[in-house]
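Reading through the structure tokens given below for one structure.
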Amino acid sequence: MQAVQFCQMKDGTKEEYEFLTEHEENYAKGLPDRLLAALRNLENTLSGYQVTRLEHSLQSATRAEADGADKEMIVAALLHDLGDDLAPHNHSQYAASILRPYVRPEVTWVINQHGLFQNFYYIHHLGGDPNEREYLKDHPWYQVCVDFCERWDQASFDPDYPTKPLEHFEPLLREIFTRPAFDPRYVGEQTMGRSAVDIAMSGKATA
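When the letters of the sequence shown are read in order and numbered with full-length UniProt numbering, they come out as residues 1 to 207.
So this is what it looks like as structure tokens:
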């Protein structure tokens with residue numbers, strides 16, 4: 001079979017969906033390469049700072065590593081602004097959705113909220129409320145996100161900081177993103193928002 005015959009998904013057969021699932025699995029294996037390419041593209045986006053968006057991302061990850069953060073949080077720091085190109089008004093959620101199938105929920109939550117928490121540092125200059133994040137103050141990961149922003153994100157616009165190159169983080173990124181998607185060993189039991197193909201792929205990978 002070179003391609004399915006159906007024109008509407010409801011008309012597909014079991015054999016066709018098994019065929020498509022195999023294609024999905026093979027395509028997913030290229031995710032680390034696509035993420036690395038997307039990071040390199042950050043070199044040419046969002047001008048105006050003293051560092052490029054790629055340098056900011058690398059510096060955030062370098063600071064996280066220097067602070068003894070675990071590998072999931074280091075990779076999260078590396079990818080946290082990946083959505084600036086395609087999701088400029090919800091880049092936090094964009095990055096969190098990429099990470100979610102591969103890391104613990106705490107990490108996903110921090111990345112999902114980091115844009116809101118970053119407002120603390122500047123939004124008052126633009127007429128906003130820097131304390132808007134306080135509605136989450138009783139959340140168990142609130143302080144983790146505060147620390148993520150204070151120590152790694154808002155601090156990583158320094159052109160003189162000794163930042164490690166992307167090649168340094170590549171093995172770690174490949175390790176995280178070659179995990180089976182939604183494997184309970186890494187993410188716990190998460191089902192909301194998963195497609196049947198996601199579930200089928202993770203089931204095969206962990207069988």
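Each residue gets a CB set at the ideal place from its N, CA and C atoms; glycine is no exception.
Cβ distance (whole Å) where Pro105 is taken to contact Val4 below 8 Å: Between Val4 and Pro105 the Cβ distance is about 35 Å, and since that is not below 8 Å, they are no contact.
Quick one, which of Met1, Arg34, Ala37, Leu35 has its alpha-carbon nearest Leu20's? Met1
Taking 7 Å as the limit between beta carbons, can you name the residues of its chain near Glu72, skipping five residues before and five after? Val103, Arg104, Val107, Ile176
Is the beta carbon of Asp85 less than 8 Å from the beta carbon of Asn41? yes
Run the CB neighbour count on Ala66, radius 10 Å, all protein chains shown included, and call it buried at 16 or more, exposed below. exposed
Determine the burial state of Thr163: buried for a count of at least 16 other Cβ atoms within 10 Å of its Cβ, exposed for fewer. buried
So, with DSSP's three-state summary, where would you put Ser202? Legend: pLDDT at Ser202 = 44, less than 50; position of this residue unreliable, no value from coordinates given.
Determine the extent of the alpha helix (DSSP H) in which Pro105 is found, giving its start and end residues. 105–118
Pair within 8 Å by beta-carbon distance, Phe117 and Tyr49: Cβ distance not < 8 Å, so Phe117 and Tyr49 don't count as in contact.
6 Å Cβ shell around Gly83 - same chain, five flanking residues per side excluded: His91, Tyr94, Ala95
Mapping the DSSP letters down to three states, classify Cys7 as helix, strand or coil. coil
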